[in-house]
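Data first, discussion second: the structure below is written as structure tokens.
Residue numbers (the working numbering), protein chains in the order written: chain L, 1 to 311; chain E, 1001 to 1311.
Next comes the structure, spelled out in structure tokens:
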């Protein structure tokens, strides 16, 4: 069996897959991403040891997805804007702590790998998977192959500049896609609207404003929630049309926490995308909700562990 | 021998290549792109007949590069924002008028083909060629192959939204890359500065403001020209970093009329790009001036004609 770990800006999710690729156990915990790296690494090692016990020691290898720029061969994390894990050799740190062979890749690539192996991108030749969470992760498939680029740094779609925003991205630039169309962008803008106006809103009673609460309020017709959600959809559309204009994929799949909104996301999004396309009466990328939901990252990481262990 | 025609928003350039791929003759004329399509097509046919005479009838086929969205197999132009040739079957129209086998593709793809066969992208695995002219054309090479996308509509990089601009793109959107960083964008913004201020500028004495005049003035230290040129470089950098973040190519090559600026373009551009990269101490795309200059489009179109004629 193999362990898959999906490190996000908000949560760390982990799970075990068996030799047939089935997810047989999963668990999640808060990332506490602003803590020192050593505390986060120790937590991950602790999680792994729990999973080892769960699997009665029958673990062959570990795969880890990281929301940042990873030198995949070395397992070294160059850059990690949403969690304090930059400049760390993740492979070495986890192997040292657990004694298990560990492989590391970008989380968007791994989610796309999972969707391609067992999800919505199975058999698809040209595709983009976007994972909307704390940031925007992505995996890109071109001519049936994962796009890696010249230096393994491709698919950092979340840092594509698409406009001017009221705050800077963690990467230092202004206007990154993920500052408009990630889960945290949706939450941040909603909080801004709540702070800056006296408009009534169902969200004023929420103990904790998360993306789900905003979407639930928007569904109930809450004006403020809808204002924020519409802005989110509009910019998501702009970023997706950029990707269509550059890559012309068969499918754009939406994963991550926000994908739980289902048709409440895809119906207005498709409308926005169609309004921005260069040519309308021509085939263009279909927009679909990813199949594996929040599990894509865990499954992809575990599939990486399985593949590399065999190789 | 084969004829190559490069249709631009400002000029139509054409030439002849021999069987070894050498450009043996070239000529250009204004596009008059706002005229009716039939007048433009007749002009192109007239040009071709001139070239046929020049080549003493030894022409085997014609290749045409179009600044828009082309269904390459049918030779049909779906969309052409900067010249009035949308919704035209270019292949049929030219074959009817000239009796010569004709092949059509997007101009950016053809310029990239030329640079890959005989120019700066020879042997390069992952690359983007940007042609900066009336619009921004592009050709993308991934893993040694021309990127075409699912429907042959990829590489429309000029219509990637990268910010908010003071005027809308011909495509109807606001903020397209080519409204900030093409030749016409540079000219338009300079004219705006001249109109809206009383600042002295060498350009006030110019009979005709073109990109070359602006760059020459900027080189001489003209403040207004430098203000406009800096804005152009900044946005060009933003668009290029978007492409690096998505595609991670080995090389970004700059072609088209603006590429004549040489180091006056690449030196500040590299500085801007480096300031925006996610990771600096890691290999990243080299920025180079394309080798074939304005001839890339003609050579690429003629190479298409040669390839397809043989096939």
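Think of the CB as a built atom: it goes at the ideal place given N, C-alpha and C, for glycine as much as any other residue.
Check: Is residue 1002 of chain E closer than 8 Å to residue 1083 of chain E when the C-beta atoms are compared?
Finding: Contact flag unset, no.
Next item on the list: Compare the Cα-Cα distances from residue 1045 of chain E to each of E/1025, E/1019 and E/1092 and report the closest residue.
Entry: E/1092
Check: Is any beta-carbon of chain L found at less than 8 Å from that of residue 1248 of chain E?
Finding: Yes - at least one Cβ of chain L is within 8 Å of the one on residue 1248 of chain E.
Notebook entry, point to check: Three or more beta-carbon pairs under 8 Å between the stretch 118 to 136 of chain L and the stretch 1227 to 1239 of chain E, yes or no?
Noted result: Per the Cβ contact rule, the stretch 118 to 136 of chain L is not in contact with the stretch 1227 to 1239 of chain E (fewer than 3 Cβ pairs under 8 Å).
Check: Roughly how many angstroms lie between the CA atoms of residue 1223 of chain E and residue 1192 of chain E, to the nearest whole one?
Finding: Answer to the nearest angstrom: the Cα atoms are 14 Å apart.
Check: Between residue 248 of chain L and residue 1150 of chain E, which are expected to be in contact by the criterion C-beta below 8 Å, what is the C-beta distance as a whole number of angstroms?
Finding: With 8 Å as the limit, residue 248 of chain L and residue 1150 of chain E qualify as a contact, their Cβ atoms being about 5 Å apart.
Notebook entry, point to check: So, are the CB atoms of residue 25 of chain L and residue 72 of chain L less than 8 Å apart?
Noted result: no
Notebook entry, point to check: How about residue 132 of chain L and residue 300 of chain L: do their beta carbons lie closer than 8 Å?
Noted result: no
Notebook entry, point to check: Between the C-alpha atoms of residue 293 of chain L and residue 166 of chain L, what's the straight-line distance to the nearest angstrom?
Noted result: 30 Å
Notebook entry, point to check: Can you find a C-beta in chain L that's less than 8 Å from the C-beta of residue 1149 of chain E?
Noted result: Under the 8 Å criterion on CB atoms, residue 1149 of chain E is classed as interfacial with respect to chain L.
Margin query: Between the alpha carbons of residue 98 of chain L and residue 40 of chain L, how many angstroms are there, rounded?
Written below: In a straight line, the C-alpha of residue 98 of chain L is about 14 Å away from that of residue 40 of chain L.
Note to self: Out of L/298, L/291 and L/242, which one is the CA nearest neighbour of residue 273 of chain L?
What the structure shows: L/242
Margin query: Mapping the DSSP letters down to three states, classify residue 193 of chain L as helix, strand or coil.
Written below: Three-state result, residue 193 of chain L: helix.
Margin query: Please list, in chain order, the chain L residues whose beta carbon lies closer than 8 Å to that of residue 1137 of chain E.
Written below: Residues of chain L passing the Cβ test: none, with the nearest at roughly 12 Å.
Note to self: Taking the beta strand (DSSP E) that residue 1239 of chain E belongs to, which residues open and close that run?
What the structure shows: Element bounds for residue 1239 of chain E: not the beta strand (DSSP E) but the alpha helix (DSSP H), 1223 to 1247.
Check: Roughly how far, in whole angstroms, is the beta-carbon of residue 154 of chain L from the beta-carbon of residue 125 of chain L, given that I think they are within contact range, below 8 Å?
Finding: Their Cβ separation, rounded to whole angstroms, is 17 Å, which puts residue 154 of chain L and residue 125 of chain L out of contact at 8 Å.
Next item on the list: Mark residue 1011 of chain E as exposed unless 16 or more other C-beta atoms lie within 10 angstroms of its C-beta, in which case mark it buried.
Entry: Counting the other CB atoms within 10 Å of its CB gives residue 1011 of chain E a total of 16 or more, which places it among the buried residues.
Notebook entry, point to check: By DSSP, does residue 26 of chain L sit in helix, in strand, or in coil?
Noted result: strand
Item checked: residue 1177 of chain E (DSSP reduced to helix, strand or coil) -> Residue 1177 of chain E sits in coil when the DSSP states are folded into three classes, being neither helix nor strand.
Next item on the list: Classify residue 116 of chain L as buried or exposed, calling it buried when 16 or more other Cβ atoms lie within 10 Å of its own Cβ.
Entry: buried
Notebook entry, point to check: Which value, in whole angstroms, describes the spacing of the CA atoms of residue 94 of chain L and residue 1188 of chain E?
Noted result: Whole-angstrom Cα-Cα distance: 56 Å.
Check: Taking only beta-carbon atoms, is residue 1292 of chain E less than 8 Å away from chain L?
Finding: It does not; no Cβ of chain L falls within 8 Å.
Next item on the list: Say whether the stretch 272 to 286 of chain L touches the stretch 1254 to 1272 of chain E, bearing in mind that this needs 3 or more beta-carbon pairs closer than 8 Å, one atom from each stretch.
Entry: no
Note to self: Can you find the residues in the same chain that come closer than 6 Å, C-beta to C-beta, to residue 1215 of chain E, ignoring five residues on each side of it along the sequence?
What the structure shows: 1261
Next item on the list: Return the residues of the stretch 165 to 178 of chain L that lie within a Cβ-Cβ distance of less than 7 Å from chain E, sorted by chain order.
Entry: Contacts with chain E (Cβ-Cβ distance below 7 Å) from the stretch 165 to 178 of chain L involve 171, 173 and 175, listed in chain order.
Check: How would you list, in chain order, the residues of chain E whose beta-carbon sits under 9 Å from the beta-carbon of residue 156 of chain L?
Finding: The contacting residues are 1244, 1245, 1246, 1248 and 1278.
Next item on the list: Indicate the three-state DSSP secondary structure (helix, strand or coil) for residue 1106 of chain E in the structure shown.
Entry: Residue 1106 of chain E carries a strand assignment under DSSP once its states are collapsed to helix, strand and coil.
Next item on the list: Run through the stretch 252 to 302 of chain L for me and flag every whole beta strand (DSSP E) of 3 or more residues, listed as ranges in chain order.
Entry: 286 to 289
Checklist line | Inter-residue spacing [alpha-carbon to alpha-carbon] between residue 1009 of chain E and residue 1067 of chain E | finding: 7 Å
Notebook entry, point to check: How far does the beta strand (DSSP E) with residue 16 of chain L in it reach, from first residue to last?
Noted result: 11 to 17
Notebook entry, point to check: Among L/51, L/69 and L/70, which one has its Cα closest to the Cα of residue 61 of chain L?
Noted result: Measuring from the Cα of residue 61 of chain L, the nearest candidate turns out to be L/51.
Next item on the list: Look at residue 1185 of chain E and residue 1232 of chain E and say whether their C-beta atoms are less than 8 Å apart.
Entry: yes
Note to self: Just to confirm the assignment: which complete beta strand (DSSP E) runs, minimum length 3, are found wholly within the stretch 45 to 117 of chain L?
What the structure shows: Whole beta strand (DSSP E) segments, 3+ residues: 61 to 66, 69 to 71, 76 to 79 and 101 to 106.
Next item on the list: Check the C-beta distance from residue 1302 of chain E over to residue 1004 of chain E and give it rounded, since I have them as a contact under 8 Å.
Entry: 3 Å
Next item on the list: Taking residue 283 of chain L as the query, report the chain E residues whose CB atoms sit under 9 Å from its CB, ordered along the chain.
Entry: Result: 1150, 1151 and 1153.
Next item on the list: Kindly indicate if chain E contains any beta-carbon less than 8 Å away from that of residue 163 of chain L.
Entry: yes
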